[in-house]
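Let me begin by presenting the structure, written as C-alpha cells, before commenting on it.
Residue numbers (the working numbering): 50 to 226.
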C-alpha cells in the first residue's frame with residue numbers, strides 16, 4: 050500500500066536514520082548517480098529489517114507514486130540519468146508532510162502452474178476490472194501465452210499487475226469484491 054497506512058509519518062526519521070546507516074557501509078561509487086528502491090519490514094518493536102535493495106526504482110512503484118502523490122518517478126529517473134537533477138519534491142517528503150492524494154494498492158498476480166494463461170486467469174473478470182471498475186491492469190502475460198515448466202521460477206510467473214486506488218486504505222480494501 051502506498052503510502053503505508055499502518056506506519057505513521059511521525060516515524061519517518063527512524064527509517065531515514067536507518068537508511069543513512071545502511072548506505073554508510075556502501076562505497077560512494079556504488080550509490081552515486083543511481084536510483085534504488087529499498088524494501089523493508091518494520092516490527093512493532095521499531096526494528097527495521099532489510100528485505101530487498103533494487104539497483105533501480107522498480108517500475109511497478111511508478112504508478113503508486115503517480116496515483117498517491119501525483120509525482121512522476123519516470124520523469125525523476127530520466128532527469129537523474131540525463132544531468133543528475135534531483136526532484137524538488139518526492140513521494141517520501143510528501144508523505145512526511147501529510148500530502149497524500151490517494152492510496153494505491155498494487156496486486157501482483159503470479160502462478161506456479163504451467164499451461165494456457167487463458168485457462169489460469171478469468172479474463173472476463175479482468176476485463177470487468179479494466180472496463181467497469183476502471184482499475185489499471187498491466188498484462189505481463191497475454192491470454193494466448195502458454196507457460197511451460199521451464200518458465201516457472203521459485204517466485205512463479207507474473208501474469209498481471211493491478212493498481213487499486215482509493216481515497217482511504219479502506220476504499221482499496223473494499224474493492225476486493
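Glycine included, each C-beta is placed from N, C-alpha and C at the ideal position.
Residue 186 is bridged by DSSP to 211. Within its own chain, the residues whose Cβ lies closer than 8 angstroms to the Cβ of residue 50, once the five positions on either side in sequence are excluded, are 152, 153, 154, 218 and 221, listed in chain order. Residue 62 is classed as exposed because its beta carbon has fewer than 16 other beta carbons within 10 Å across all chains shown. DSSP places residue 156 in the uninterrupted beta strand (DSSP E) bounded by 152 to 160.
Residue state for residue 100 is assigned as strand, using DSSP reduced to three classes.
For residue 201, there is no enclosing beta strand (DSSP E), as DSSP gives it neither H nor E. Taking 8 angstroms as the cut-off, the Cβ atoms of residue 159 and residue 206 count as close. In this structure, residue 148 lies away from residue 123, with their beta-carbon atoms at least 8 angstroms apart.
Within the same chain, Cβ atoms closer than 7 angstroms to the Cβ of residue 109 are found at 155 and 210, the five residues on either side in sequence being excluded.
When beta bridges are read from the DSSP output, residue 195 appears opposite 165.
The beta carbon of residue 64 is closer than 8 angstroms to those of 89, 91 and 97 in its chain, skipping five residues each way along the sequence. Judged by DSSP secondary structure, residue 63 falls outside any beta strand (DSSP E) and instead within the alpha helix (DSSP H) spanning 61 to 73.
A straight line joining the alpha-carbon of residue 192 with that of residue 165 spans about 7 angstroms.
About 16 angstroms separates the Cβ atoms of residue 85 and residue 113, ruling out a contact at the 8 angstroms cut-off. Residue pairing by DSSP places residue 81 opposite no residue, since no beta bridge is assigned to it. For residue 178, the secondary structure class from DSSP, reduced to helix, strand or coil, is helix.
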